[in-house]
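Here the structure comes first, spelled out in structure tokens, and everything after it is commentary.
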Amino acid sequence: MLCLMTIASEAQVMTAATVNKVYNKAIADSKNEFFYNTELDDNNQITAMYVYKNKGKNKDNASLRPFCLYRYEYTADGLLTKRTMYVWRHNNWHCKGCHQYSLDNATYQIAYSRWNKKKGDFNEPMGKMTYQLLPDETVNSIACYQRHRENAPMKLEWQVSVEERFLETLPYSHTDLARGFREDGKE
15 MLCLMTIASE AQVMTAATVN KVYNKAIADS KNEFFYNTEL DDNNQITAMY VYKNKGKNKD
75 NASLRPFCLY RYEYTADGLL TKRTMYVWRH NNWHCKGCHQ YSLDNATYQI AYSRWNKKKG
135 DFNEPMGKMT YQLLPDETVN SIACYQRHRE NAPMKLEWQV SVEERFLETL PYSHTDLARG
195 FREDGKE
């Protein structure tokens, strides 16, 4: 499941500033289970975020192990276009998948593709969320598309017009949606 960060019907298109806010929130909310490090470009945009899991008992007794890595790509004006996730296995980073973001007129799309190790490239997107934005940049409607197997057509799973109580009706928590994961931990 994919999601645009949404509070009620107010959308926030993913930008470099959004990525920085997510990073700062992760640090503020950390209970010493995870530690973070970033790489910045010349515009102070986060281009890589390293996440380390603390195997120690507390902050003072930290034993850090690489957990995951996010790489970010942006347009010249700071719009996030791609977030690639890597996991740490067997002392190496292994690509898991990526989210691709696009904004075209009043349509904001997020698509998720898995990494295909044999091809050395990403598969066709497995899921896609499409947000129709109003002129004030609030969300008018959301559509969710899924592909249930590779090379199958993308199918509309659900579509909804957004109302103030929208988030209360979703089968996923706001936190999980913002992270891009379902409650059961699957993507």
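All residue numbers for the sequence shown refer to the working numbering, where the first residue is 15 and numbers rise by one.
Even glycine gets a Cβ: it sits at the ideal position worked out from N, Cα and C.
No experiment lies behind these values; they were computed from the predicted model shown.
Own chain partners of SER175 with C-beta closer than 8 Å, once the 5 adjacent residues on each side are dropped
ASN154, SER155
Using only alpha-carbon positions, find the residue among GLN59, TYR37, MET143, TYR86 that is nearest to LEU228.
What the structure shows of the chain is the stretch from 15 to 201, and residue 228 is not part of that stretch, so it cannot be assessed.
Indicate whether the contact test is met: 3 or more Cβ pairs, each with one atom in the segment 100–118 and one in the segment 71–83, closer than 8 Å.
yes
Going by beta carbon distance, what residues of the same chain come within less than 8 Å of THR121, once the five residues before and after it are set aside?
THR144, TYR145, GLN146, LEU147
Please identify the residue among SER127, LEU93, ASP74 whose C-alpha is closest to the C-alpha of MET99.
SER127
With DSSP as the reference, please indicate the residues paired to ILE41 in a beta bridge.
DSSP output for ILE41 lists no bridge partner at all.
Between which residues of its own chain and ILE41 is the CB-CB distance below 7 Å, once the five residues before and five after are set aside?
TYR50
Cβ neighbours of TYR88 in the same chain (closer than 7 Å, five flanking residues each side left out)
ALA30, GLN59, LEU94, THR95
Which residue spans inside the segment 122–186 form an unbroken beta strand (DSSP E) run of at least 3?
141–147, 153–160, 169–175
Can you tell me which residues form a DSSP beta bridge with ASN51?
TYR64
If the criterion is Cβ atoms closer than 8 Å, does the pair GLU47 and LYS71 meet it?
no
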